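Participant: According to this note's numbering, the sequence shown is numbered sequentially starting from 375. Note that CB positions come from ideal geometry on N, CA and C, so glycine has one too. The structure displayed is predicted, hence computed values, not measured ones. This is the structure I have questions about; it appears just below.
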Amino acid sequence: MSKNSRENAGATTPAFNPILPFFSLTGKTAVITGGARGLGLAMSKALVMSGADLAIVDINSKTPKVTAHYADVSAKSDVDAAIAEILTQHSQITNLVTCAGFCENCDAIDFQPERIKRMLGVNVEGTYYFATGVAKHMMERQIAGNMVFIGSISGSIVNVPQPQALYNASKAAVRHLAASLAVEWANKDIRVNCLSPGYMLTEIAMDAQILVDNPGLKAEWESKIPQGKMGAPEELMGTVAFLSSDASRYITGQEIKVDGGYTVSKMSVSESCIVYPRKELASMRKKYFREPFAEGCLPEGGFVLHDERFSQILGSNPTIKVIAEQIEPFAHEAGVYMPATGEVYITSNHLLCAGEKYVQISRVYNDWKGYHVDSIEPDIVLANGGVNYREGILFCEQGSLTEPGGLVYMKPEEPYKTEMIISDYHGRQFNSVNDVVIHKDGSIWFTDPTYGHEQGIRPLPQLPPQTYRYDPGTGDIRAMDDSLTKPNGLCFSPDQLTLYITDTAGMAGCTHTSGIYSPAKAASIYAFDVITRHGGPFLASKRLFAFADVGIPDGIKCDTEGNVYSGCGDGVHVWSPGGMLIGKVYVPGGFKPGAERGFAWVVKAGKAVSLVLAPQNMRSIIDYQQWQQRY
């Protein structure tokens, strides 16, 4: 096209307008309650900027300004008078935004009757009075009307820790009132929607007494918001303009949440979740060996968020449930889930019978009556850890004073036949095989600390504490690492290029007790690169990955995102692949983790505990082939 042609074409082409015309409020008259300050002021600006004539009704607006009108919205006489006054200055009312609101944080049992009346009067009655008064005008004039009720995310969730039961209930009423009136008035061509803000940066909110008394609360709120910050009032302008315009003409009875993702972030719906105030606690002078943070906040157990990434793991409604409990410490190790049957096999701590120590293997299963625990008696001497293997279970056999230990395969059905896989290192007995994991190449990796001798169940060690690799195809057995004092749990990263091994030197074995804790010794997780040199496997680049702040890291697992889980002194600790502690599943007494799709089970002494977490993150790397077949 020539220059002249372009100029001629431009002369006849209308000017380009990037805004669709039905987003405009030109020719509309909007009434907004509570529109003189805070969120209401931002919405007032949005309506005016979109072209609407505006009548602001506010208890703080006794003098006119851009037609401003006084009303106590909880008083019907004030509302009726305000509507009548507005109609003397405007020919009609086409839009209503009810932003007048009242919030007070107070324990429910302490709320006084006059404050209850005030809360419900402003939030519920005020919305109802204005909506019905304006609707009557719209119906009489046959005006296609539009209403936006300002609710709150507190109308659909319970925010913590602030006590605001009555406020939550009042906003739930506003939310449902919008839906109810939308249905009732739809045939009158009147639309009603609810706009529910999240945590917003208003002067009223920031001056609230609860923030004065709890200076770390704002940071806690923001840690739960995926966008990482509280919203400015201006964040509501686009949404209120959209809902007030014809651009939303086929939307009615809906609630639109403007909250930076707060209500869909996994922490906001569970009272069993708390945020760890990392910065605040770091700067405080603490007592030596202070109690765990969660102990005072979650006496029955729960979830401690150290980083927002943990909320992605927890899902929308994480739960903890004891599924089996006995006086004896029947749930100590293993915790092997069988996908084909839904059963979990667990091993006990050392039990005594006629002066002899033994380990009980239990099968936990679920039917229509609930969870059950059956003990089984395979030919395994003092079993410990375990892993899925060949459609059965590969158990670590610690052995006894007279019988060597090793790795034993068990079929998971009666009569629970067993097969010894390996029992020695080139003729030298293992110490007390502790935990085991399978590599995708079929090799078996396991740890062999000296706990057995310390606990009086094994003779003097014949080998140093080491981590081994066994190739069942070739029979090759080799020591892979001898640098840890007490190698314990181990697992591979999802790509199997990293091996994590826990060193539990901080817990010494003891003949008469469950162990002796030494805080100055290792309670650490080490990461190693899995490499190949001259055709053989090696571990290289040993590095400290994490140190457990409570107890020792015992059992260990990775999820498909590479996050690392380990059972420690106060529950399961979760680290990012980069070694950052992102959260804890807190259960008094601690436990060891394992998982299947969307469901995690843990074992701790006399309890088997189930967790429900986010399905996409809790598929544990149990056995590579079985994992692929299942998913």
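I'd like the span of the beta strand (DSSP E) that includes F485, first residue to last.
Facilitator: Along the sequence shown, read from residue 1 onward, the residue named residue 485 stands at position 111. Careful: F485 lies outside any beta strand (DSSP E) and carries neither H nor E.
Participant: Which residues does DSSP pair with Q836 in a beta bridge?
Facilitator: Looking up residue 836 in the sequence shown gives position 462. Its beta-bridge partners do not exist; DSSP assigns none.
Participant: Mind the definition here: the segment 511–529 touches the segment 546–561 only if three or more C-beta pairs lie below 8 Å; say whether that holds.
Facilitator: The answer is yes - the segment 546–561 touches the segment 511–529, with three or more Cβ pairs under 8 Å.
Participant: Given a cut-off of 9 Å, decide if Q870 and Q836 are closer than it, judged by their beta-carbon atoms.
Facilitator: Counting from 1 along the sequence shown, the entry for residue 836 is found at position 462. Counting from 1 along the sequence shown, the entry for residue 870 is found at position 496. No, Cβ-Cβ distance for Q836 and Q870 is not below 9 Å.
Participant: Run through the segment 774–800 for me and flag every whole beta strand (DSSP E) of 3 or more residues, listed as ranges in chain order.
Facilitator: Runs of the beta strand (DSSP E) inside the segment 774–800: 780–784 and 792–796.
Participant: May I ask you to check if the CB of F476 is nearer than 8 Å to at least one heavy atom of the ligand ATP?
Facilitator: This structure does not include the ligand ATP; it has no bound ligands of any sort.
Participant: Taking I767 as the reference, give the member of D681, I795, K743 and D741 with the closest Cα.
Facilitator: On the sequence shown, position 393 is the one that residue 767 refers to. Ranking D681, I795, K743 and D741 by Cα distance to I767 puts I795 first.
Participant: Relative to the C-alpha of P607, which candidate in G952, D809, G759 and T576 has its C-alpha closest?
Facilitator: Taking the sequence shown and counting its residues from 1, the one referred to as residue 607 is at position 233. P607 has its Cα closest to that of T576, out of G952, D809, G759 and T576.
Participant: Grouping DSSP H, G and I as helix and E and B as strand, with all else coil, what is F769?
Facilitator: As a working mapping, residue 769 is identified with position 395 in the sequence shown. It is a strand residue.
Participant: Check for me: the beta strand (DSSP E) holding V431 runs from which residue to which?
Facilitator: Start at 1 with the first residue of the sequence shown, and residue 431 comes out as number 57. From DSSP, the beta strand (DSSP E) with V431 extends over D427 to V431.
Participant: Looking at C-alpha atoms only, which residue of F476, Y900 and S424 is the closest neighbour of V498?
Facilitator: Here residue 498 is taken as the residue at index 124 of the sequence shown, counted from 1. The option with the nearest alpha carbon to V498 is F476.
Participant: By alpha-carbon positions, which one of I875, K695 and T403 ends up nearest to W819?
Facilitator: If you number the sequence shown from 1, residue 819 lands on position 445. When only C-alpha atoms are compared, the closest one is I875.
Participant: To the nearest angstrom, how far is the alpha carbon of G627 from that of V532?
Facilitator: Your numbering for residue 627 matches position 253 in the sequence shown. Your numbering for residue 532 matches position 158 in the sequence shown. So the alpha carbons of these two residues sit roughly 22 Å apart.
Participant: Within 10 angstroms of its Cβ, does C727 collect 16 or more other Cβ (buried), or is it exposed?
Facilitator: Sequence index remark: in the sequence shown, residue 727 carries index 353 (1-based). Under this definition C727 is an exposed residue.
Participant: Quick check on F504: buried or exposed, where buried means 16 or more other Cβ atoms within 10 Å of its Cβ?
Facilitator: Counted from its first residue, the sequence shown places residue 504 at position 130. With 16 or more other Cβ atoms within 10 Å, it is buried.
Participant: Quick check: R411 and Q466, are their CB atoms within less than 9 Å of each other?
Facilitator: For this step, residue 411 is matched to residue 37 along the sequence shown. For this step, residue 466 is matched to residue 92 along the sequence shown. Result no, Cβ atoms of R411 and Q466 do not sit closer than 9 Å.
Participant: Counting pairs of Cβ atoms below 8 Å between the segment 754–766 and the segment 778–787, do you hit three or more?
Facilitator: Because the criterion of three Cβ pairs below 8 Å is met, the segment 754–766 and the segment 778–787 touch.
Participant: Taking A556 as the reference, give the member of E629, P789, E596 and L918 with the closest Cα.
Facilitator: The residue you call residue 556 lines up with position 182 of the sequence shown. That would be E629, whose Cα lies nearest to the Cα of A556.
Participant: Can you tell me the Cβ-Cβ gap for G779 and V807, rounded? I've got them flagged as a contact below 8 Å.
Facilitator: Here residue 779 corresponds to residue number 405 of the sequence shown, with the count starting at 1. Here residue 807 corresponds to residue number 433 of the sequence shown, with the count starting at 1. Contact holds; Cβ gap of about 5 Å.
Participant: Give the straight-line distance between the Cα atoms of S544 and T878, rounded to the nearest whole angstrom.
Facilitator: Within the sequence shown, the letter at position 170 stands for residue 544. Within the sequence shown, the letter at position 504 stands for residue 878. Taking the straight line joining both Cα atoms gives about 53 Å.
Participant: For P868, which residues in the same chain have their Cβ closer than 7 Å to its Cβ, ignoring the five residues on either side in sequence?
Facilitator: In the sequence shown, residue 868 corresponds to position 494, counting from 1. Excluding residues within five positions, the ones whose Cβ falls inside 7 Å are C932, T934, G936 and I995.
Participant: Going by CA-CA distance only, name the one from G612, L672, G953 and P927 that's closest to Y891.
Facilitator: For the purposes of this step, residue 891 is taken as the residue at position 517 of the sequence shown. Among G612, L672, G953 and P927, the Cα nearest to that of Y891 belongs to P927.
Participant: On the CB-based measure, 16 or more other CB atoms within 10 Å of its CB, does K402 come out buried or exposed?
Facilitator: Locating residue 402 in the sequence shown gives position 28, counting from the first residue. Buried is the call here.
Participant: With burial defined as no fewer than 16 other Cβ atoms inside 10 Å of the residue's Cβ, what is the status of T462: buried or exposed?
Facilitator: Within the sequence shown, numbered from 1, the residue matching residue 462 stands at position 88. T462 is exposed by the Cβ-count criterion.
Participant: Would you mind working out which of V904, M611, K562 and H813 sits nearest S570, comparing C-alpha positions?
Facilitator: In the sequence shown, residue 570 corresponds to position 196, counting from 1. Answer by Cα proximity: M611.
Participant: What residues are listed by DSSP as bridge partners for N740?
Facilitator: Within the sequence shown, the letter at position 366 stands for residue 740. Per DSSP, Y745.
Participant: According to DSSP, Q803 sits in a beta bridge with which residue or residues?
Facilitator: Within the sequence shown, numbered from 1, the residue matching residue 803 stands at position 429. Per DSSP, D798.
Participant: How many angstroms separate the CA atom of V961 from the CA atom of L672?
Facilitator: Along the sequence shown, read from residue 1 onward, the residue named residue 961 stands at position 587. Along the sequence shown, read from residue 1 onward, the residue named residue 672 stands at position 298. The alpha-carbon atoms of V961 and L672 are separated by roughly 9 Å.
Participant: Where N758 and E777 are concerned, what is the direct C-alpha to C-alpha distance, given to the nearest angstrom?
Facilitator: Position 384 of the sequence shown holds residue 758. Position 403 of the sequence shown holds residue 777. One C-alpha to the other measures close to 15 Å.
Participant: Which partner residues does G676 have in the DSSP bridge list?
Facilitator: Translated into the one-based positions of the sequence shown, residue 676 becomes position 302. DSSP lists Y960 as partners of G676.
Participant: Based on the DSSP output, what are the partners of D850 in its beta bridges?
Facilitator: Mapped onto the sequence shown, residue 850 falls at position 476. According to DSSP, D850 bridges with D845.
Participant: Under a Cβ-count criterion, where at least 16 other Cβ atoms within 10 Å of its own Cβ denotes burial, should M417 be classed as buried or exposed?
Facilitator: Start at 1 with the first residue of the sequence shown, and residue 417 comes out as number 43. Classification for M417: buried.
Participant: Can you tell me the Cα-Cα spacing of P893 and R852, whole angstroms?
Facilitator: Here the question's residue 893 lines up with position 519 in the sequence shown. Here the question's residue 852 lines up with position 478 in the sequence shown. C-alpha separation (whole angstroms): 32 Å.
Participant: Based on Cα-Cα distance, which residue from D427, A429, T824 and G773 lies nearest to L858?
Facilitator: Locating residue 858 in the sequence shown gives position 484, counting from the first residue. The shortest C-alpha separation from L858 is found at T824.
Participant: For D681, name the three-state secondary structure that DSSP assigns.
Facilitator: Along the sequence shown, read from residue 1 onward, the residue named residue 681 stands at position 307. Looking at D681 - three-state DSSP - the assignment turns out to be coil, as it is neither helix nor strand.
Participant: Output needed for Q772: all residues of its chain with C-beta closer than 6 Å, excluding positions within five of it in sequence on either side, in chain order.
Facilitator: Taking the first residue of the sequence shown as 1, we reach residue 772 at position 398. The residues are L756, N758, G779, S806 and G826.
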